[in-house]
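**Q** Residue numbers (our numbering): 5 to 317.
(1) Scan the stretch 60-143 and note each continuous alpha helix (DSSP H) run of 4 residues or more that stays entirely inside, going in chain order.
(2) For residue 223, does the three-state DSSP call read helix, strand or coil?
(3) Which residue from 203, 201 and 196 puts its Cα closest to that of residue 216?
(4) Answer with buried or exposed for residue 244, where buried requires no fewer than 16 other C-beta atoms within 10 angstroms of its C-beta.
(5) When you compare each of 293, 82, 221 and 146 to residue 319 by their alpha carbons, which one comes out closest?
(6) To the nearest angstrom, how far is the alpha carbon of residue 59 from that of residue 112?
(7) Is it the case that the stretch 142-150 contacts the stretch 61-73, given that we only count it when at least three CB pairs across the two stretches are under 8 Å?
(8) Closest to residue 190 by C-alpha separation, out of 131, 110 and 169, would be which residue?
(9) According to the neighbour-count rule (16 or more other Cβ atoms, all chains shown, within 10 Å of its Cβ), is residue 97 buried or exposed?
(10) Looking at the strands, I want to know which residues DSSP matches up with residue 189.
(11) With the cut-off set at 8 Å, would you say residue 50 and residue 103 are in Cβ contact?
(12) Classify residue 148: buried if its beta carbon has 16 or more other beta carbons within 10 angstroms, exposed otherwise.
(13) So, under 8 Å CB-CB, residue 306 and residue 257 are touching, yes? Tell me the CB distance rounded to an integer number of Å.
(14) Starting from residue 208, follow the alpha helix (DSSP H) in both directions and report where the run begins and ends.
(15) Return yes when the Cβ of residue 250 is within less than 8 Å of the Cβ of residue 214, no when it is not.
(16) Around the C-beta of residue 46, are 16 or more other C-beta atoms found within 10 angstroms, so that it is buried, or is it exposed?
(17) If you reduce the DSSP assignment to three classes, tell me which class residue 35 lands in.
(18) Assign residue 182 to one of two classes, buried (16 or more other C-beta atoms within 10 Å of its C-beta) or exposed (fewer than that).
(19) Closest by CA to residue 136, which one among 186, 289, 254 and 43?
(20) Would you decide whether residue 62 is buried or exposed? Buried here means 16 or more other CB atoms lie within 10 Å of its CB.
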């Protein structure tokens with residue numbers, strides 16, 4: 005018997021009238037997928053998301069369920085799902101996108117999780133592209149690098165810088181750090197529940213946590229459509245939170261990636277200042293000493309943090 009759980013997010017999944025792709029050869033080891041759509045005040049788009057998710061999963065001939073997590077909506081999001089094949093989980097108040105994802109995963113009965121948004125931005129019809137390549141990976145991310153990508157121009161500079169920072173920190177190329185359309189193993193997700201935030205940055209945290217712990221991750225190009233309704237993202241505060249999240253997550257798993265570049269930069273600067281002072285004054289002043297000391301201290305802190313991380317594992 006199929007159960008349907010659909011969690012509707014504040015960043016929903018917008019739906020296009022594209023043809024659903026089918027797959028005839030279904031892998032026998034795929035035990036089923038729980039589709040989670042977090043939703044917050046998405047009455048205009050949630051039904052379309054649910055209908056397309058049901059249609060595309062049915063076409064793949066796999067066991068699935070749809071969980072809708074209503075994150076304290078004050079519109080008719082929940083009521084609009086009365087005649088839909090979903091299991092509705094409701095938060096009594098708005099807890100955030102990340103909290104909704106966690107609620108959905110904890111209620112999921114299948115070992116694979118597909119998350120998508122409820123605002124019509126992510127093409128659920130492209131789920132087969134993720135499904136076809138999932139074997140051998142713990143997470144398959146729909147990277148918003150397809151032919152039809154409607155990311156607002158105002159967000160692109162911050163997104164570019166954020167992806168470059170995350171790529172450096174994780175030591176691997178990350179085409180899309182915070183895509184909300186991804187397929188992943190429930191068991192892998194549950195490994196890091198203690199560090200997942202309740203806000204939009206949960207997807208970025210998932211990406212950094214998986215990559216930092218060498219979980220195999222695959223990126224698949226997808227389209228990204230203009231959303232229905234008004235975005236719940238706060239550009240300045242959420243961008244700042246994303247940057248801090250990348251640094252905190254790497255600090256949690258690989259602190260030397262943060263400490264050592266700073267230490268080496270300080271040591272190099274201190275050395276240059278010392279050489280200049282010896283040439284100019286025939287002596288090393290307090291300034292050079294402080295810079296060198298800060299470099300050594302930062303390196304020692306990094307090594308201690310790395311020892312703590314390794315001992316914790």
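All residues carry an ideal CB built from backbone N, CA and C; glycine is no exception.
**A** Result, derived from the coordinates:
(1) 101-111 and 131-135
(2) strand
(3) 196
(4) exposed
(5) Lying before the first or after the last residue shown, residue 319 is absent from the chain, which here runs from 5 to 317.
(6) 19 Å
(7) no
(8) 110
(9) exposed
(10) 116
(11) no
(12) buried
(13) Not really, about 13 Å apart at Cβ, beyond 8 Å.
(14) 206-216
(15) no
(16) buried
(17) coil
(18) buried
(19) 186
(20) exposed
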